[in-house]
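**Student:**
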Amino acid sequence: MCELFALNSRQPAAATFSLSGFAARGGRTADHVDGWGVAFHEGERCTVTVEDTPAAESALARHLAQHPVRARNILAHIRKATQGARTLENCHPFRRDWAGRTWVFAHNGCLKDFHPALDGSFTPAGQTDSERAFCWLMQELAKAHADMPAIEELNHTLRELLPQLNRHGTFNMLLSNGQALWAHGSTKLHYLLRRPPFGRVRLRDEDLSMD
Numbered sequence: 001m002c003e004l005f006a007l008n009s010r011q012p013a014a015a016t017f018s019l020s021g022f023a024a025r026g027g028r029t030a031d032h033v034d035g036w037g038v039a040f041h042e043g044e045r046c047t048v049t050v051e052d053t054p055a056a057e058s059a060l061a062r063h064l065a066q067h068p069v070r071a072r073n074i075l076a077h078i079r080k081a082t083q084g085a086r087t088l089e090n091c092h093p094f095r096r097d098w099a100g101r102t103w104v105f106a107h108n109g110c111l112k113d114f115h116p117a118l119d120g121s122f123t124p125a126g127q128t129d130s131e132r133a134f135c136w137l138m139q140e141l142a143k144a145h146a147d148m149p150a151i152e153e154l155n156h157t158l159r160e161l162l163p164q165l166n167r168h169g170t171f172n173m174l175l176s177n178g179q180a181l182w183a184h185g186s187t188k189l190h191y192l193l194r195r196p197p198f199g200r201v202r203l204r205d206e207d208l209s210m211d
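Residues in the sequence shown are numbered consecutively from 1, following the numbering used here.
1. Between which two residues does the beta strand (DSSP E) holding Asp97 run?
2. Within the same chain, show all residues whose beta-carbon is closer than 7 Å to that of Leu88, passing over the 5 residues directly before and after it, in chain order.
3. Roughly how many angstroms lie between the CA atoms of Glu160 and Arg194, to the nearest whole one?
4. Is there contact here, the stretch 147-155 with the stretch 108-125, by at least three beta-carbon pairs under 8 Å?
5. Tell me whether the stretch 31-47 and the stretch 56-71 touch, counting them as touching only if at least three CB pairs, one residue from each stretch, are closer than 8 Å.
6. How far does the alpha helix (DSSP H) with Arg132 in it extend, from its first residue to its last?
7. DSSP state of Thr187, grouped into three classes?
8. Give the DSSP-derived three-state secondary structure of Asn90 in the structure shown.
9. Look at Thr170 and Cys110 and say whether their C-beta atoms are less than 7 Å apart.
10. Would you tell me roughly how many angstroms separate the C-alpha atoms of Glu140 and Thr102, rounded to the nearest one?
11. Can you list, in chain order, the residues of its chain whose CB lies under 7 Å from that of Leu4, leaving out five sequence neighbours each side?
12. Any idea if Gly199 is buried or exposed, counting beta-carbon neighbours within 10 angstroms, 16 or more meaning buried?
13. Thr128 and Gly84 look like a contact to me (Cβ under 8 Å); what is the Cβ gap, rounded to whole Å?
14. From Thr123 to Leu165, what distance separates their C-alpha atoms?
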């Protein structure tokens, strides 16, 4: 299956150290070779980059891991395909616009026989269960709210919607609209909370550390 990475920060931050290790898992230290992508989400500004090549072999992935791009919310994904061909339109993160904001989404897992009723307001460009889940989720959020609600209201709506996707299989996901980052795990989800003063950290798969 795919792997996910996210950073959520009070102040704009760069994830160059973590992205270096994450990109290596796209073909060098792990076998997630069917594409990669990263979204830098800072308020209303959102930049999404995807490639259908292994991240460990990508000059662009190396560039992003070496040159800081600061954002409050960063989502990254390395793909090991279970549904859909190795094409750009099947690479995460996916993005859609709703209620005046850009939303980005990445998924790990496999939703079997998942073909939700979509009303055309959000339509998939590729063939993955992940993008279908994202389109359905955005559709249901738009049905529940006429315009952008408060974060607390979004929390409540997502708590009602996400279990419906869990019923179809493994559903681990990251979602951001630039204001907040939501993470949902139906299997394994790990998080690390960092507060100053910061100490030295070392990548698990690479001989690289930083203070």
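Yeah, the Cβ is synthetic: ideal placement off N, Cα and C, and Gly gets one too.
A quick note: this is a predicted structure, and the numbers were derived from the prediction, not measured.
**Tutor:** Taking the definition as stated:
1. Boundaries of the beta strand (DSSP E) harbouring Asp97: Phe94 to Trp98, taken from the DSSP string.
2. These residues qualify, in order along the chain: Val50 and Asp52.
3. Their Cα atoms are separated by approximately 29 Å.
4. With the cut-off at 8 Å, the stretch 147-155 and the stretch 108-125 do not touch.
5. By the Cβ rule, the stretch 31-47 counts as touching the stretch 56-71, because three or more pairs are nearer than 8 Å.
6. Run containing Arg132: Asp129 to Ala144, per the alpha helix (DSSP H) assignment.
7. DSSP places Thr187 in coil when its eight states are reduced to three.
8. Here Asn90 sits in helix by DSSP.
9. Closer than 7 Å, so yes.
10. Roughly 16 Å separates the two Cα atoms.
11. Excluding sequence positions up to five before and after Leu4, its CB lies within less than 7 Å of the CB of His77, Ala106, Asn108, Asn172 and Leu174, all in the same chain and listed in chain order.
12. Taking all protein chains shown into account, Gly199 has fewer than 16 neighbouring C-beta atoms within 10 Å of its C-beta and is therefore exposed.
13. About 4 Å separates the beta carbons of Thr128 and Gly84, which is inside the 8 Å limit, making them a contact pair.
14. Each residue's Cα considered, the two are about 17 Å apart.
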